[in-house]
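Counting the sequence shown from 1 gives a position; our numbering is that position plus 114. So the structure is just underneath, and the comments pick up after that.
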Amino acid sequence: MCLRYFGITGRRAREEAAITGSWRGLRSIRSKLIATVLIVIALPTLIVLYSYFTTSVSVVEQEVYAANQSLIEQAALTINDKAKRMIQATYLLEADMAQSFGSNTFNWDYGNAEAMGAIFQIQKKMGYLRDILLDNSAFIGLVDAEGSVVTTLYNFNRQATGTIIREPWFKAGMEQKGYPYWERVYRLPAALGYTENAPDKEFMLLSRSFAFESSNRNWGLSVVAIPVSQFYGIPAKGLPDNTQLLVMDTAGALYDIYGKQQYSLTPEQLEDLRKSPSVTGKLSLGKETYLMNAASVPQVGISIVSLQRIGDFSAQLDNSRTKSIALFLLFFGVGIMIVIYILLRLTKPLYALVRSMSRVGSGNFSTKVEVRGKDEIAVLGSHFNKMVAQLEELVHHVAEEQRHKEEAHFQALQAQINPHFLFNTLNSIKLMAMLSGTNRNVSDMITALGKLMEFSMKQNTLFVTLGQELEYLELYMSLQKIRYHDDITVSIQVAEELLDCTVLKFTLQPLVENSIIHGSQLPLHIRIEAECTGPYLLIHIRDNGKGISEETMQVISNQLQQDHVKTSGIGLLNVDRRIKIHFGQACGILLSRPDGGGLQVTVRIPYRKELEG
115 MCLRYFGITG RRAREEAAIT GSWRGLRSIR SKLIATVLIV IALPTLIVLY SYFTTSVSVV
175 EQEVYAANQS LIEQAALTIN DKAKRMIQAT YLLEADMAQS FGSNTFNWDY GNAEAMGAIF
235 QIQKKMGYLR DILLDNSAFI GLVDAEGSVV TTLYNFNRQA TGTIIREPWF KAGMEQKGYP
295 YWERVYRLPA ALGYTENAPD KEFMLLSRSF AFESSNRNWG LSVVAIPVSQ FYGIPAKGLP
355 DNTQLLVMDT AGALYDIYGK QQYSLTPEQL EDLRKSPSVT GKLSLGKETY LMNAASVPQV
415 GISIVSLQRI GDFSAQLDNS RTKSIALFLL FFGVGIMIVI YILLRLTKPL YALVRSMSRV
475 GSGNFSTKVE VRGKDEIAVL GSHFNKMVAQ LEELVHHVAE EQRHKEEAHF QALQAQINPH
535 FLFNTLNSIK LMAMLSGTNR NVSDMITALG KLMEFSMKQN TLFVTLGQEL EYLELYMSLQ
595 KIRYHDDITV SIQVAEELLD CTVLKFTLQP LVENSIIHGS QLPLHIRIEA ECTGPYLLIH
655 IRDNGKGISE ETMQVISNQL QQDHVKTSGI GLLNVDRRIK IHFGQACGIL LSRPDGGGLQ
715 VTVRIPYRKE LEG
């Protein structure tokens, strides 16, 4: 019976067993999970790892590029700032010169205290400028057009002024007519003196000519020089130890800071550099390949270049990469094995559950799943056990519900016309036939009874319209009027649009009969009304009879609210039960006591207009 109820045939059970037995290969959830881990996690991870390590050299190079570029740009900014301060020093010297000497030349006459005082004063200011703007290892000087010199050099030989006039930077500075002239490497002759704490004798030198408003020619020039190692900040902070710091001129020649040419760029390389003042890339020089970073120093018109051999860090990178691959593969392999083991353990209860489901599908409700732990699979197994335990009870409960429904239907059909009513009617016919001198009433009663029998036998559906139900009720009441000598009357007040509403067959007649039997007084008037309230159709049957007490009405109301109350006939309880079976617990019969006395029975059913079989 259970297999038949759930529609599970022997063929279906065999198919499910075949499916369960075929959980092999990639058709099982276990193999699918493992394949998913390998394809979705393991394979992409290995591909990404391979791609990463094959491109790691490029990645490291880019990182080194970025780090070196930041450092070289910072170094270029520092150098450019030093160049600005050197130019600023020349302008300050020019202002001091104009204030102290005007357009006069230097007068080194030791017998002239005023002239020597002016020279010492300008020397003192030069010292201040050197210490504030530059460094005590730098030197500053002023040279007039006649070659007289005032400078911060120690042990300066004033007799060597002719040597200064012949220096290339003097002639070039005078020709620049006020624009700065830079000499990247100037070796200070010993005859001119020395500077304090100078690390070497090579200087970055700036010379700039100037003239006064009262003069139409260059008065002289100012000269400022800083040791090249301090000007370029050697060693450059942060750059790797194996990095070369070079100076590149506008022609693309690469020099060390002391002016020795090291390399020369090709026209193509120089063009790439000119397109972007700050360049990061690879540079091939001879047989070596370098990482090159460059940044311009606009005040001087040069670029600072750092070169680092790629071979210096590639070997170390290869060694580190090999170790990383080995460690990754080791831990990755162990991790994959652990994941597969966990998947096998997790899916084991699912196999047991599938086997139990197959047995239940074959009709075996005694199967159970072993439940361990408190995870989702354990909860699923626990609920499955509860479901199987309650499954047979559910089947029996549904079958019992169906039996109650069929019994109620059978009782309604069997009791379409109450045997007591038929018996009393037949007795009335018999007495009237004996006592009456005419056959008119007998004929009318027999006619009405025949129509009732015809209605009961021909209407084989569960539902009829409200109009049909009222028509049947009128036939029934015509017999009751004859029986009770017109002491029972009925009035029907139902709107035209409600007559085609759907009601259960034989709903009103038992309720009207209940009013006649329990009204207990004559004459008796029964009033029938109908109304639509929201989704429900309400039919009121009200009489002016004796009514019932509050206690009796409470007892009947309690019985109406109980399920599976055993009833006989088709009275109140039976009608209420039939309504609830077909329309649900929200529908049924309600009792009330009107203010004018009697009893009112209200039928509540859904408002429908289509007939159901």
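All C-beta atoms in this analysis are idealised placements derived from N, C-alpha and C, irrespective of residue type, glycine included.
According to DSSP, H639 shares a beta bridge with T603. For T403, the three-state secondary structure derived from DSSP is strand.
The C-beta of Y586 has 16 or more other C-beta atoms within 10 Å across all chains shown, which makes the residue buried. Counting the other CB atoms within 10 Å of its CB gives F345 a total of 16 or more, which places it among the buried residues. With fewer than 16 other Cβ atoms inside 10 Å of its own Cβ, T436 counts as exposed. Residue environment: I153 is assigned as exposed (fewer than 16 neighbouring CB atoms within 10 Å of its CB, all protein chains considered).
When A562, E583, L613 are compared, the shortest CA-CA separation from R597 is found for A562. Taking the Cβ atoms as the reference, I278 lies roughly 10 Å from F270, outside the contact range of under 8 Å. Q375 and L160 have their alpha carbons spaced roughly 49 Å apart. Short of 6 Å from the beta carbon of R199, and not among the five residues preceding or following it, lie these beta carbons of its own chain, in chain order: L247. Under the criterion of beta carbons closer than 8 Å, I703 and T461 do not qualify as touching, at roughly 57 Å.
Taking 8 Å as the cut-off, the Cβ atoms of E643 and V617 do not count as close.
Contact between T481 and S470 holds, with the beta-carbon distance rounding to 5 Å and staying under 8 Å. Between I630 and I602, the gap from beta carbon to beta carbon is short of 8 Å.
The DSSP-derived three-state label of Q290 is coil. Taking a cut-off of 8 Å on C-beta distances, the stretch 654-671 touches the stretch 697-716, as three or more cross pairs fall below it. By the Cβ neighbour-count rule, N672 is exposed, with fewer than 16 other Cβ atoms within 10 Å of its own. With contacts defined by Cβ atoms closer than 8 Å, T266 and Q235 do not form a contacting pair. Taking C-beta atoms as the reference points, V483 and A466 count as a pair closer than 8 Å. Restricting attention to T621, D657, H654, the CA atom closest to the CA of L686 is found in T621.
Rounded to the nearest whole angstrom, the C-alpha separation of S706 and V512 is 34 Å.
Burial is judged here by how many other beta carbons sit within 10 angstroms of a residue's own beta carbon; C646 has fewer than 16 and is exposed.
When secondary structure is reduced to three states using DSSP, S629 falls in the helix class. Beyond the five residues adjoining it in sequence on each side, T309 comes within less than 6 Å, by CB distance, of S251, F253 in the same chain, given in chain order. With fewer than 16 other Cβ atoms from the protein chains shown falling within 10 Å of its own Cβ, F445 counts as exposed. Distance check between L638 and each of Y650, I655, G648 places I655 closest, using alpha-carbon atoms only.
With respect to V453, V151 sits close: the two C-beta atoms are nearer than 8 Å.
The DSSP-derived three-state label of A365 is coil. Shown here for N311: same chain residues with a beta carbon closer than 7 Å to its own, the five before and five after excluded, namely N250, S251 in chain order.
Taking L360 as reference, the option from E289, E208, Y404 with the minimal CA-CA separation is Y404. With contacts defined as CB atoms closer than 8 Å, N182 and N356 fail to qualify as a contacting pair. Under DSSP, the beta-bridge partners assigned to P341 are F317.
Distance from the Cα of A190 is smallest, within the candidate group F498, Q413, E665, for Q413.
Distance from the CA atom of G425 to the CA atom of I155, rounded to whole angstroms, is 35 Å. Here the alpha carbon of L674 sits roughly 24 Å from the alpha carbon of C615. Around the Cβ of R298, a 10 Å sphere holds 16 or more other Cβ atoms; the residue is buried.
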